[in-house]
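Below: the structure, in structure tokens.
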Amino acid sequence: MLRPGLKDRRLFRVTDQHSAKFLGSGDVSVLSTPSMITFMEETCRKMVESFLEEGDTTVGTRVDVSHLKPAPVGEEVEVTAELIEVDGRRLKFRVEAFWRGEKIGEGYHERFVVNRERFLSKLRELKN
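Here the sequence shown is numbered in my numbering, starting from 79 and rising by one per residue.
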């Protein structure tokens with residue numbers, strides 16, 4: 079059952095494809111803010127997926143994070159997440175990222191539980 083207090087942590091290797099220079103969000107080869115956010119979202123998504131009903135998934139709906147310090151390509155970044163609020167199908171997480179034990183990012187992320195097929199069906203209807 080999804081409930082506040084669930085926690086997870088994941089390790090990510092920063093590759094060239096995660097760099098600000100590669101993504102165009104900057105011109106230096108350090109962890110980009112979009113990649114840090116992706117790591118945070120993945121940590122939250124993976125944390126809750128085993129608690130979902132068959133056919134359900136989560137989609138990101140809100141990100142409010144600060145990227146505090148850089149992390150170089152080739153290094154490992156640790157991301158921690160805690161589920162702090164469950165409001166129906168809305169899930170709110172506290173997220174943090176660390177490099178060598180020093181906090182490089184922090185903030186909040188929200189996801190919404192959806193039925194995968196209904197979600198995709200609605201998208202197909204909008205597309206047509």
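Glycine residues also receive a C-beta, built at the ideal position from the N, C-alpha and C atoms.
- request: With distances taken Cα to Cα, identify the nearest neighbour of ARG91 among LYS99, GLY185, LEU101, SER113.
  value: Along the sequence shown, one-based indexing puts residue 91 at 13. The option with the nearest alpha carbon to ARG91 is SER113.
message: Here's the rule I'm using: 16 or more other beta-carbon atoms within 10 Å means buried, otherwise exposed. How should ARG140 be labelled?
response: By one-based count along the sequence shown, residue 140 stands at place 62. Exposed, since its Cβ has fewer than 16 Cβ neighbours within 10 Å.
query: DSSP on GLU120, reduced to helix/strand/coil?
result: Within the sequence shown, the letter at position 42 stands for residue 120. Correct three-state label for GLU120: helix.
query: In terms of DSSP beta bridges, what is ALA159 paired with?
result: Mapped onto the sequence shown, residue 159 falls at position 81. In the DSSP output, where bridge partners are listed per residue, ALA159 has ASP86, VAL173.
message: Checking 7 Å against the spacing of the C-beta atoms, do VAL191 and ARG172 come in under that value?
response: Translated into positions along the sequence shown, residue 191 becomes position 113. Translated into positions along the sequence shown, residue 172 becomes position 94. With contacts defined by Cβ atoms closer than 7 Å, VAL191 and ARG172 do not form a contacting pair.
task: Look up GLU180 in the DSSP assignment and give the residues it is bridged to.
output: For the purposes of this step, residue 180 is identified with residue 102 of the sequence shown, where counting begins at 1. Per DSSP, the beta bridge partners of GLU180 are TRP177.
field: Residue range of the alpha helix (DSSP H) that includes ARG194
entry: Looking up residue 194 in the sequence shown gives position 116. Its alpha helix (DSSP H) spans residues 194-205.
Beta-carbon proximity list for PHE117, same chain, < 6 Å, skipping 5 on both sides: Your numbering for residue 117 matches position 39 in the sequence shown. Closer than 6 Å at the Cβ level, and outside the excluded window around PHE117, lie PHE90, VAL157.
Distance between TYR186 and ASP142 (C-alpha atoms, nearest Å): Locating residue 142 in the sequence shown gives position 64, counting from the first residue. Locating residue 186 in the sequence shown gives position 108, counting from the first residue. Rounded to the nearest angstrom, the two C-alpha atoms are 5 Å apart.
message: Could you give the first and the last residue of the continuous beta strand (DSSP E) run that contains GLY138?
response: Numbered from its first residue, the sequence shown carries residue 138 at position 60. Counting along the chain, the beta strand (DSSP E) containing GLY138 begins and ends at 134-145.
- request: Alpha carbon to alpha carbon, how far is ARG189 from GLY138? Give it in angstroms, no decimals.
  value: Position 60 of the sequence shown, counted from the start, is the residue given in the question as residue 138. Position 111 of the sequence shown, counted from the start, is the residue given in the question as residue 189. The alpha-carbon atoms of GLY138 and ARG189 are separated by roughly 4 Å.
- request: Determine the burial state of SER128: buried for a count of at least 16 other Cβ atoms within 10 Å of its Cβ, exposed for fewer.
  value: Along the sequence shown, read from residue 1 onward, the residue named residue 128 stands at position 50. SER128 is exposed by the Cβ-count criterion.
Under 7 Å between C-beta atoms of ARG88 and THR121: Residue numbering aside, residue 88 sits at position 10 when the sequence shown is read from its first letter. Residue numbering aside, residue 121 sits at position 43 when the sequence shown is read from its first letter. Result yes, Cβ atoms of ARG88 and THR121 sit closer than 7 Å.
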